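Residue numbers (mature numbering (1 follows the signal peptide of the UniProt record, and there is no 0)): -27 to -1, 1 to 429.
In structure tokens form, the structure reads like this:
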């Protein structure tokens, strides 16, 4: 059986310049009318191509190698069990100029991850060093700024919330290092999630051909407006099969604004737990809603609780726009700045209502640890800080007679490591626990002591 995998499309090679489009069978354009000129995307692409760039990176990749525990028997308990190897690498991806005056370029975080040097090549051959303004692992977005660049061309932004399945789309990027390449297709689906990528998922799916090296490139409509940032492909054998994914332009634009203002993304938080709404759930709960986000629990003192959202509600709209899934809601809220007021439409007892919610700051709001690991059930977590200024995950509260209480976790504990991996925040803790290790060795600071707790 062949294994299906998701590939991020960045590659380390550079050959030349080419331009190609998919055959008409893959993305049929309007038919030729008798005696009239053949339809062409060339006028639109002439506006877009100068705004799409190639991103070259050089860096150092650190690989951790686990030394067998048996070595301790021969060399003593102080023998290091972790070995680090560093090796240089070169990578290549794509980017999109979104502000010509300030030289801002959007790309993917995985394109520039671990980069020591970033250089950008424009469509006309000019090259510039780029400075990293900020990046966000959760959404795989990074913002660069070109140094001393003049006469740049920026792409126009479209409202990605207005996209419909069936709309034409054109992907532009630098696949396989060949140089600028354009491929055409349609919007195959919206609000895609559950792709086993880390972080917030709310992707546009397209059959416009996206390949390695296209990461960070532009997905545009037939007006040449940016509708998405190309990010990943579904690739059973490592090649393109017409299933590509892009980050919606509205989401990317919101993130870029935060990266400019703060240098990082500050996430809004509702403070709910839930799931996708299905026809089976609608029947069981006697709710007239086939899509949306079902609320199974509202965390105490959260933004949702303060706004009056209750367990059993079905959230159907966000700022007047339909919510198709819990993942879409999570992604949109998680890319909205905390403190902002949003309007949420909900269905309760068969009646449609609307509430205003002031989003919490995810760095200060508590997270239910049960969502991370059953072993931590009963603990509430928040990002914390030690006296020396270093960061960790603080135990905000521990409910009685729960797994968290039984293993010895206490209110005020600060987790600074898991299975020998240093952590500084809930996001890093969640990432480590996604592997579902059979044993958790928590490195905890409790008062003036540092202790280890083993959870099975």
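In this text, a Cβ means the ideal position worked out from N, Cα and C, and glycines have one as well.
A quick note: this is a predicted structure, and the numbers were derived from the prediction, not measured.
Would you mind stating whether residue i and residue j have Cβ atoms separated by less than 8 Å?
i: residue 150; j: residue 95; result: no
i: residue 315; j: residue 359; result: no
i: residue 147; j: residue 190; result: yes
i: residue 287; j: residue 243; result: no
i: residue 202; j: residue 220; result: yes
i: residue 192; j: residue 208; result: no
i: residue 308; j: residue 228; result: yes
i: residue 63; j: residue 31; result: yes
i: residue 131; j: residue 194; result: yes
i: residue 328; j: residue 296; result: no
i: residue 159; j: residue 218; result: no
i: residue 116; j: residue 233; result: yes
i: residue 298; j: residue 166; result: yes
i: residue 411; j: residue 376; result: no
i: residue 22; j: residue 143; result: no
i: residue 129; j: residue 198; result: yes
i: residue 391; j: residue 383; result: no
Under a three-way DSSP split, which group does residue i fall into?
i: residue 237; result: coil
i: residue 46; result: Here residue 46 scores only 45 on pLDDT, less than 50, and its place in the model should not be relied on; the value that follows carries that caveat. Helix, per DSSP.
i: residue 133; result: helix
i: residue 252; result: helix
i: residue 454; result: The chain is shown from -27 up to 429; residue 454 falls before or after that span and cannot be answered.
i: residue 15; result: helix
i: residue 429; result: coil
i: residue 150; result: helix
i: residue 23; result: helix
i: residue 258; result: coil
i: residue 264; result: coil
i: residue 280; result: helix
i: residue 115; result: strand
i: residue 144; result: strand
i: residue 301; result: helix
i: residue 232; result: helix
i: residue 246; result: strand
Please list the terminal residues of the continuous alpha helix (DSSP H) segment that includes residue i.
i: residue 400; result: 399 to 406
i: residue 379; result: 376 to 379
i: residue 85; result: 82 to 85
Tell me whether residue i, by its Cβ, gets closer than 7 Å to a heavy atom of the ligand ZN.
i: residue 289; result: Only the bare structure without any ligand can be found here, which leaves the ligand ZN out of the picture.
What residue range is occupied by the uninterrupted beta strand (DSSP E) comprising residue i?
i: residue 390; result: 387 to 391
i: residue 104; result: 100 to 109
i: residue 122; result: Here residue 122 belongs to no beta strand (DSSP E), and DSSP marks it neither H nor E.
i: residue 219; result: 217 to 221
i: residue 90; result: 88 to 94
i: residue 287; result: 287 to 291
i: residue 208; result: 198 to 208
i: residue 382; result: Per DSSP, residue 382 belongs to no beta strand (DSSP E) and is neither H nor E.
- Cβ contact (3+ pairs, closer than 8 Å) linking the region 257 to 274 and the region 135 to 147: no
- Note down, one range per segment and in chain order, each beta strand (DSSP E) of at least 3 residues found wholly within the region 160 to 194. 176 to 179, 191 to 193
- Query: Does the region 246 to 256 touch the region 297 to 309, meaning 3 or more C-beta pairs lie closer than 8 Å?
  - Reply: yes
- Item | Continuous beta strand (DSSP E) assignments of at least 3 residues falling wholly in the region 305 to 371 | Runs found: 314 to 321, 324 to 331, 352 to 358, 364 to 371.
- Can we say the region 100 to 111 touches the region 232 to 240, given the rule of at least three CB pairs closer than 8 Å? yes
- Message: Below 8 Å, how does it come out for the region 364 to 371 and the region 380 to 393: are there three or more Cβ pairs, yes or no?
- Response: yes
- Is the region 66 to 73 close to the region 122 to 136, with three or more CB pairs under 8 Å? Output reads yes: the region 122 to 136 touches the region 66 to 73.
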